[in-house]
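Peer 1: Can you keep this structure in mind? I'll have questions shortly.
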Amino acid sequence: MYNYHLCTKRLVLCIDQKSFFASVSCILKGLDPLTTKLAVVADTKRKGSVVLAATPPLKQLGIKTGSRLFEIPSRSDIYIINPSMKTYLTYAQRITEIALRYVAPEDFHQYSVDEFFIDMTDSLHLFSKTIEEFAQLLKTTIYEDTGIHCAIGIGDNVLLSKLALDFEAKHHPTGVARIQYHDVPSRLWPLKPLSDFWGINKRTERKLNKRGIFTIGDLAQYPYEYLKRDFGIIGVDLHLHANGIDESIIREKGEIFKPSISKSQILMRDYKVEELKAIIIEHAEVLGYRLRRKSLLARTIKCSIGYSDGEKIAKQQTINDGTDLTEKIVSVVWKYIYQHVDHHRMIRTVSISLTGLIPKSEQQMTLFDDSTDLKQGIIDQTMDRIKEKYGQTAVMRGTAYGQSGTALERKNLIAGHKK
DNA sequence: TCTGGGGTCCTAGGACCC
DNA sequence: TCTGGGGTCCTAGGACCC
1 MYNYHLCTKR LVLCIDQKSF FASVSCILKG LDPLTTKLAV VADTKRKGSV
51 VLAATPPLKQ LGIKTGSRLF EIPSRSDIYI INPSMKTYLT YAQRITEIAL
101 RYVAPEDFHQ YSVDEFFIDM TDSLHLFSKT IEEFAQLLKT TIYEDTGIHC
151 AIGIGDNVLL SKLALDFEAK HHPTGVARIQ YHDVPSRLWP LKPLSDFWGI
201 NKRTERKLNK RGIFTIGDLA QYPYEYLKRD FGIIGVDLHL HANGIDESII
251 REKGEIFKPS ISKSQILMRD YKVEELKAII IEHAEVLGYR LRRKSLLART
301 IKCSIGYSDG EKIAKQQTIN DGTDLTEKIV SVVWKYIYQH VDHHRMIRTV
351 SISLTGLIPK SEQQMTLFDD STDLKQGIID QTMDRIKEKY GQTAVMRGTA
401 YGQSGTALER KNLIAGHKK
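The numbering of the first sequence is the UniProt record's numbering, which starts it at 1 and goes up by one.
Structure (structure tokens):
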């Protein structure tokens with residue numbers, strides 16, 4: 001049993017917008033998310049498409065995030081709709097602005113589009129007497145300003161706030177729950193299955209089950225050395241988290257540096273290898289554009305290809321000086337695909353990710369000795385400017401117009417979702 | 001009835017260097 | 001005959017998150 005008096009104790013809130021995409025889509029239609037059965041699916045035209053969000057009444061019928069479109073019963077009282085990503089982002093922005101009325105930006109952390117953390121340790125006294133009272137205030141304000149219901153977990157650290165949210169607040173009628181260090185044995189330890197716990201998925205759960213670990217309490221009391229031996233660093237985290245320990249503090253994270261940029265796509269149909277070139281160019285253009293906008297260079301280019309049968313292969317290549325040239329990304333990826341992908345098999349997924357990102361200011365001048373690179377750089381810059389002025393589809397390389405290009409069909413999508 | 005898209009972080013083995 | 005050790009980087013593949 002840990003001596004929690006030695007642990008950093010803060011007032012952290014984890015806020016989750018209930019069925020976020022589905023709720024916003026209800027509001028857009030003038031419907032009440034708490035009484036309407038509505039699902040947002042990635043693409044209503046694809047039967048196997050995943051459910052991105054479902055309202056609570058639909059969830060009661062067994063449909064949840066990750067279900068497939070064909071699992072939803074066809075009933076006249078169930079709405080099935082495509083995402084409106086642009087609007088979702090606008091709502092998320094409005095909610096962020098509300099949160100920032102109560103904390104300094106360094107005490108705020110956006111975890112995902114519908115989830116964020118705030119550390120109220122320093123500013124609570126300005127707004128409320130107790131943290132529970134503040135949570136209610138925040139919840140009410142968000143609802144009154146946007147129509148979105150949220151759930152709030154309160155904890156002595158970031159982890160406990162997240163667990164309070166996932167295990168209790170989301171299921172309580174009040175939508176608010178608090179877990180402190182002294183609650184760990186009574187409220188965390190009885191929990192099972194393990195895969196409900198943050199950071200443990202089914203596979204890890206099975207491995208733990210084999211060792212006779214079924215509850216969080218089992219995990220907390222299992223000899224730490226064995227976890228470390230068998231699971232490495234993750235084992236250490238499993239042990240600490242099961243004991244409610246997490247020393248991270250939001251404002252100490254510093255500026256968040258995103259270590260990678262990626263673009264992946266499940267294709268609308270099976271593709272032959274030769275048909276992939278146009279897709280690669282589209283992806284490279286988007287990635288190159290994102291790199292150049294941030295004045296970054298990528299040193300490592302990684303390409304993953306998924307065959308129709310689900311098998312995946314990947315290859316990465318590191319370029320010492322780094323690049324932000326669309327053409328360079330295309331040539332590295334295409335060379336790999338052409339040489340290493342089996343031309344007799346059909347392709348269903350394509351993903352390119354850029355890592356080892358470095359600021360462009362660190363670029364070696366030698367790169368510019370190559371006049372081809374210089375020319376490509378000018379072409380990219382010109383295309384970027386046209387796109388900024390007239391939109392993403394204003395200019396495209398010739399190949400994107402061919403049969404296998406998807407950029408034109410996708411121009412109305414954000415992150416693969418409909419605007 | 002084939003598939004969301006965007007991420008982060010870890011590991012094991014190998015190459016290479018001193 | 002039978003192998004140095006430590007550090008760093010790269011690669012391919014997983015696990016997990018929303």
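All C-beta atoms in this analysis are idealised placements derived from N, C-alpha and C, irrespective of residue type, glycine included.
1. Where does Q221 sit, in a helix, a strand or coil, going by DSSP?
2. Answer yes if the region 140–158 comes into contact with the region 18–30, meaning at least three C-beta pairs across the two stretches below 8 Å, and no otherwise.
3. In angstroms, rounded to a whole number, what distance separates the CA positions of Y226 and V236?
4. So, under 8 Å CB-CB, C14 and G153 are touching, yes? Tell me the CB distance rounded to an integer number of Å.
5. Any idea if F70 is buried or exposed, counting beta-carbon neighbours within 10 angstroms, 16 or more meaning buried?
6. Just verifying my parser: in three-state terms, what is the DSSP assignment at P359?
7. Using 8 Å as the threshold, is the C-beta distance between D119 and I245 below it?
8. Look at the Cβ atom of D270, then the Cβ atom of I347, and state whether they are nearer than 8 Å.
9. Quick check: what's the CA-CA separation for F117 versus Q110?
10. Count the C-beta pairs between the region 97–104 and the region 127–144 that are closer than 8 Å, then say yes if the count reaches three, no if not.
11. Can you find at least 3 beta carbon pairs, one from the region 322–341 and one from the region 285–305, that sit closer than 8 Å?
12. Would you mind reading off the limits of the alpha helix (DSSP H) that contains G377?
13. Can you find at least 3 beta carbon pairs, one from the region 73–91 and one from the region 33–47, that sit closer than 8 Å?
14. I'd like the span of the beta strand (DSSP E) that includes V119, first residue to last.
15. By DSSP's criteria, L188 is part of a beta bridge. Which residues make up the other side?
16. Please report the residue range of the beta strand (DSSP E) in which G155 lies.
17. Alpha carbon to alpha carbon, how far is I378 from A284?
18. Pick helix, strand or coil for L367, following the three-state DSSP scheme.
19. Where does L31 sit, in a helix, a strand or coil, going by DSSP?
20. Based on DSSP bridge pairs, tell me the residues matched to residue 446.
21. Mapping DSSP to helix, strand and coil, what is R229?
22. For the beta strand (DSSP E) holding G322, just list the boundary residues, first then last.
23. Leaving out five residues before and five after K312 in sequence, what residues of the same chain have Cβ atoms less than 8 Å from its Cβ?
24. Going by C-alpha distance, which of V286, P173, H172 and N157 is nearest H182?
25. When DSSP builds the beta bridges, which residues end up paired with K18?
26. According to DSSP, simplified to helix, strand and coil, what is L276?
27. For V341 versus Q317, is the C-beta spacing smaller than 8 Å?
28. Leaving out the 5 sequence neighbours to the left and right, which residues in its chain are closer than 7 Å to Y2 when beta-carbon positions are compared?
29. Determine the closest residue to I200 out of Q376, D309, H241 and R385, with distance taken between C-alpha atoms.
30. State the CB to CB distance for the pair W198 and L163, rounded to an integer number of angstroms; the pair is presumed to be in contact (CB under 8 Å).
31. Between the alpha carbons of P185 and P73, how many angstroms are there, rounded?
32. Skipping 5 residues on each side, what residues in its chain have a beta carbon closer than 8 Å to that of Q93?
33. Which residues mark the beginning and the end of the beta strand (DSSP E) in which S304 is found?
34. Do you know how far the Cα of G356 is from the Cα of H171?
35. Mapping DSSP to helix, strand and coil, what is K9?
36. Check whether the Cβ atoms of S19 and A53 sit closer than 8 Å, and answer yes or no.
Peer 2: Reading off the structure:
1. One-based indexing of the first sequence puts residue 221 at position 221. Three-state result, Q221: helix.
2. The region 18–30 is in contact with the region 140–158.
3. Position 226 of the first sequence holds residue 226. Position 236 of the first sequence holds residue 236. In a straight line, the C-alpha of Y226 is about 10 Å away from that of V236.
4. Position 14 of the first sequence holds residue 14. Position 153 of the first sequence holds residue 153. Contact flag correct, Cβ pair sits at about 4 Å.
5. Position 70 of the first sequence, counting from 1, holds the residue named residue 70. Classification for F70: exposed.
6. On the first sequence, residue 359 is found 359 positions in, with the first residue counted as 1. Of the three classes helix, strand and coil, the one that applies to P359 here is strand, per DSSP.
7. For the purposes of this step, residue 119 is identified with residue 119 of the first sequence, where counting begins at 1. For the purposes of this step, residue 245 is identified with residue 245 of the first sequence, where counting begins at 1. No, the pair does not count as a contact, with Cβ atoms beyond the cut-off.
8. The residue labelled residue 270 in the question sits at position 270 within the first sequence. The residue labelled residue 347 in the question sits at position 347 within the first sequence. Yes.
9. On the first sequence, residue 117 is found 117 positions in, with the first residue counted as 1. On the first sequence, residue 110 is found 110 positions in, with the first residue counted as 1. Going by the C-alpha atoms only, they are around 6 Å apart.
10. yes
11. yes
12. Here the question's residue 377 lines up with position 377 in the first sequence. Counting along the chain, the alpha helix (DSSP H) containing G377 begins and ends at S371 to Y390.
13. Output reads yes: the region 33–47 touches the region 73–91.
14. Indexing the first sequence from 1 puts residue 119 at position 119. Just to set this straight, residue 119 is Asp in the shown sequence, not Val. Here the beta strand (DSSP E) through D119 covers E115 to D119.
15. As a working note, residue 188 is residue 188 in the first sequence. Beta-bridge annotation (DSSP): L188 is not paired with any residue.
16. For the purposes of this step, residue 155 is identified with residue 155 of the first sequence, where counting begins at 1. Where G155 is concerned, the enclosing beta strand (DSSP E) stretches over C150 to G155.
17. Looking up residue 378 in the first sequence gives position 378. Looking up residue 284 in the first sequence gives position 284. Computed Cα separation, rounded: 16 Å.
18. Residue 367 sits at position 367 when you count from the first residue of the first sequence. With a pLDDT of 49 at L367, under the threshold of 50, the modelled position of this residue cannot be trusted; read the value that follows with caution. It is helical.
19. Your numbering for residue 31 matches position 31 in the first sequence. It is coil, neither helix nor strand.
20. Outside the shown range of the chain, which is 1 to 419, sits residue 446, and nothing can be said about it.
21. For this step, residue 229 is matched to residue 229 along the first sequence. Correct three-state label for R229: helix.
22. By one-based count along the first sequence, residue 322 stands at place 322. Here the beta strand (DSSP E) through G322 covers K312 to T323.
23. Along the first sequence, one-based indexing puts residue 312 at 312. Spatial neighbours of K312 in its own chain (CB-CB distance under 8 Å, excluding positions within 5 residues in sequence) are listed in chain order as S304, I305, G306 and T349.
24. As a first step, residue 182 is located in the first sequence; it is residue number 182 there, counting from the start. Of V286, P173, H172 and N157, the residue nearest in Cα terms is N157.
25. Working through the first sequence from its first residue, we reach residue 18 at position 18. According to DSSP, K18 bridges with nothing at all.
26. Taking the first sequence and counting its residues from 1, one reaches residue 276 at position 276. L276: helix per DSSP, three-state reduction.
27. Taking the first sequence and counting its residues from 1, the one referred to as residue 341 is at position 341. Taking the first sequence and counting its residues from 1, the one referred to as residue 317 is at position 317. No. Outside cutoff.
28. On the first sequence, residue 2 is found 2 positions in, with the first residue counted as 1. Cβ neighbours of Y2 beyond the five flanking positions: N243 and I245.
29. Taking the first residue of the first sequence as 1, we reach residue 200 at position 200. Minimum Cα distance to I200 is reached at H241.
30. In the first sequence, residue 198 corresponds to position 198, counting from 1. In the first sequence, residue 163 corresponds to position 163, counting from 1. Confirmed, Cβ separation roughly 7 Å.
31. Working through the first sequence from its first residue, we reach residue 185 at position 185. Working through the first sequence from its first residue, we reach residue 73 at position 73. Rounded to whole angstroms, P185 to P73 spans 41 Å at the Cα level.
32. Here the question's residue 93 lines up with position 93 in the first sequence. Excluding positions up to five away in sequence, the list is empty.
33. Locating residue 304 in the first sequence gives position 304, counting from the first residue. Segment L296 to Y307, the beta strand (DSSP E) holding S304.
34. As a position in the first sequence, residue 171 is number 171, starting the count at 1. As a position in the first sequence, residue 356 is number 356, starting the count at 1. Going from the Cα of H171 to the Cα of G356 covers about 41 Å.
35. Position 9 of the first sequence, counted from the start, is the residue given in the question as residue 9. K9: coil per DSSP, three-state reduction.
36. Translated into positions along the first sequence, residue 19 becomes position 19. Translated into positions along the first sequence, residue 53 becomes position 53. For S19 and A53, yes; Cβs fall inside 8 Å.
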